[in-house]
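Each protein sequence line maps, in turn, to chains A and B.
Residue 300 in UniProt numbering is what sits at position 300 of the first sequence, and the numbering runs on without skipping anything.
Residue 82 in UniProt numbering is what sits at position 82 of the second sequence, and the numbering runs on without skipping anything.
Here a beta-carbon is modelled for each residue, glycine too, at the ideal position from N, C-alpha and C.
Below is one structure, written out as structure tokens; comments come after it.
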Amino acid sequence: MAELIDLVLLGMLAITALRIIFLKDLFAVVMLFGIYSFLSALIFVNLDAVDVAFTEAAVGAGIATVLMLGTLALTGRKEKANSHTALLPLLVVIVTGAALIYGTLDMPPFGDPENPANQHVAPRYIEESPQEVGLPNMVTSVLASYRAFDTLGETAVVFAAAIGVLSLLGLPKQSQATIESGLKSHLVLRVVAKLIIPLILVFALYVQFHGDYGPGGGFQAGVIAAAAIILYALVFGLPLATQVIQPKLLKILASMGVLIYAATGVAGLFFGGNFLDYNVLASDPVAGQHIGIIVIEFGIGVTVFAAILSIFYGFASQAERANIQ
Amino acid sequence: MILETLSTILLISGAFFSLTGAIGLFKFPDFFTRVHAASVTDSIATILIISGLILRTDFDLVAIKLLFILVFLLLTSPTASHALAKSARHGGLLTLAEIRDTQNKDNG
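Laid out in structure tokens, this is it:
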């Protein structure tokens with residue numbers, strides 16, 4: 001049964017990808033990208049990877065769609081017609097694809113527990129992490145403790161992405177509040193948005209601090225919290241949103257998150273352990289792990305929230321400027 | 001046993017409404033009728049499927065979470081349909097009946 005569901009989902013994934021390639025209307029393409037992300041999230045759920053599915057649904061289907069729509073507002077929704085022939089690219093793609101398929105012939109059988117990938121460090125994480133880290137959600141143990149250095153790198157990547165986008169687009173100035181924008185006539189939207197934005201923020205906090213016990217964590221929580229503010233900006237207008245969460249504050253928050261994360265690592269050094277070794281943070285190693293994981297997850301959440309929101313601000317302020325002119 | 005039968009009935013009728021919504025989305029002639037079909041999937045199918053799922057839990061935390069999801073979806077999906085239809089209206093899209101009326105006026 002699970003195989004059947006997988007096959008259907010993978011088939012729908014392939015169809016969606018083909019439509020994305022052939023459609024010229026970029027607005028529809030963005031919507032299809034959202035569907036593609038939801039389908040991948042479903043496949044991840046079917047593989048019991050709920051944390052990954054959660055991230056895919058929140059980032060891929062939620063935020064990426066909003067950011068791509070923001071880009072479309074700047075570039076226009078029609079793809080330019082291609083004048084040159086596609087023969088050479090087709091040849092390159094066919095050769096590369098053939099090489100990749102040839103490469104998969106040597107891969108170990110799919111899903112076999114004897115595979116090298118399942119024999120390396122995974123058994124140790126599964127057997128030892130309940131004693132060493134003591135978290136019910138093993139994904140968080142691996143992500144935030146065993147692989148904390150990798151996750152620090154990921155957080156830095158998110159931070160760097162925000163810096164890159166901001167250096168190209170720039171943040172909006174806070175003093176534009178005189179400009180009327182937002183959806184004044186949509187009364188229902190405004191009321192419902194007012195009702196659910198606090199709920200979204202509470203849910204973000206739940207995901208943030210419940211990540212030790214269930215699926216979730218800093219990345220998802222940051223994205224969900226940013227989505228709440230993005231919803232606010234879409235319904236009530238960017239100028240109001242920039243008054244609530246100021247762009248200047250976002251700059252500070254984005255760097256603060258990475259700093260909190262790295263400082264936790266340095267604190268480990270300070271107490272006589274290794275970099276990002278949480279065992280030494282408290283007298284009991286497991287309690288130390290708990291403290292360390294909560295703190296770095298908070299750092300991740302803050303950075304992701306600030307990075308996503310400042311990228312959105314960058315796009316939205318450009319679009320607003322284009323509308324005014 | 002009764003609960004299980006009830007939940008099966010709810011789930012199957014939910015699946016039926018999802019299916020009719022999807023068919024309507026493809027078959028209906030213009031934007032507003034299509035939004036109507038899609039919103040059927042959003043509202044009644046969601047209620048039926050999630051209530052069916054709640055009946056299959058042990059009425060513990062999972063049931064509460066499903067209830068939260070139901071409330072959230074009931075708040076957001078009709079709002080989304082409403083916003084879509086209203087934006088189309090603001091953009092100047094006419095319903096089929098209005099198009100017919102204007103054509104009749106032009107002819108007569």
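Q) Taking the DSSP output, what are the residues bridged to K78(A)? A) D25(A)
Hey, would you say I197(A) sits closer than 8 Å to L240(A), going by beta carbons? no
Which listed residue (A162(A), F315(A), V191(A), F22(A)) has its alpha carbon closest to that of T71(A)
F315(A)
- Neighbour list for H82(B) in chain A, Cβ cutoff strictly below 7 Å: V188
Q | Host alpha helix (DSSP H) of I44(B) (start-end) | A | Per DSSP, I44(B) belongs to no alpha helix (DSSP H) and is neither H nor E.
message = If we define contact as Cβ-Cβ less than 8 Å, is T8(B) a contact residue for chain A?
response = no
**Message:** By the three-class DSSP mapping on this structure, what secondary structure does L55(B) have?
**Reply:** helix
Buried or exposed (CB count within 10 angstroms, at least 16 for buried), H290(A):
buried
Alpha carbon to alpha carbon, what distance is there between A57(A) and S310(A)?
20 Å
Skipping 5 residues on each side, what residues in its chain have a beta carbon closer than 8 Å to that of V266(A)? F275
- Classification of A17(A) by the beta-carbon crowding that lies within 10 angstroms, buried from 16 upward: exposed
Quick check on T79(B) - is its C-beta less than 8 Å from some C-beta in chain A?
yes
Practice task
Kindly indicate the opening and closing residues of the alpha helix (DSSP H) around G268(A).
Solution key: 247-270
Checklist entry - Can you list the residues of chain A that T41(B) reaches, using a CB-CB cut of under 7 Å? => result The premise fails here: T41(B) is roughly 14 Å from chain A at the closest Cβ pair, so nothing lies under 7 Å.
Is DSSP giving P285(A) helix, strand or coil here? helix
Tell me which residue opens and which closes the alpha helix (DSSP H) that F203(A) is part of. 187-210
Between the region 89-105 of chain B and the region 54-69 of chain B, can you find at least three pairs of beta-carbon atoms closer than 8 Å? no
Shortest alpha-carbon distance to D42(B) belongs to which of E98(B), I64(B), A22(B)? A22(B)
Backbone CA spacing between V45(A) and G14(B) [nearest angstrom]: 21 Å
- Query: Using the beta-carbon count (16 or more within 10 Å), is E79(A) buried or exposed?
  - Reply: exposed
- Task: Answer with yes or no whether the minimum CB distance from K105(B) to chain A is below 8 Å.
- Result: no
_Buried or exposed for S39(B), going by 16 or more other Cβ atoms inside 10 Å?_
buried
Say whether the region 142-151 of chain A touches the region 59-68 of chain A, bearing in mind that this needs 3 or more beta-carbon pairs closer than 8 Å, one atom from each stretch. no
message = In whole angstroms, give me the CA-to-CA distance for F16(B) and A97(B).
response = 29 Å
Which residue marks the beginning of the alpha helix (DSSP H) containing D51(A), and which one marks its end?
50-55
**Message:** I want to know whether the region 206-221 of chain A touches the region 130-150 of chain A - three or more CB-CB distances under 8 Å.
**Reply:** yes
Q.
I'd like to know whether the C-beta of K65(B) is nearer than 8 Å to at least one C-beta of chain A.
A. no
Going along chain A, which residues have a C-beta under 8 Å from K75(B)?
Note that residue 75(B) is Leu in the sequence shown, not Lys. Per Cβ cutoff of 8 Å: V192, L195, I196.
Taking the alpha-carbon positions, what's the G24(B) to F31(B) distance? 11 Å
Kindly list, in the order they appear in chain A, the residues whose Cβ is closer than 9 Å to that of K27(B).
Result: empty, since nearest Cβ-Cβ is about 19 Å, beyond 9 Å.
| request: Leaving aside the five residues before and after A85(B) along the sequence, list all residues of the same chain whose C-beta is less than 6 Å from its C-beta, in chain order. | output: V35
**Q.** Cα-Cα separation, K248(A) to L166(A)
**A.** 12 Å
Buried versus exposed, by CB contacts within 10 Å (16 or more), P172(A) = buried
**Item:** I69(B) to L69(A) span [Cα, whole Å]
**Value:** 26 Å
Check: Are L189(A) and V235(A) closer than 8 Å when you measure CB to CB?
Finding: yes
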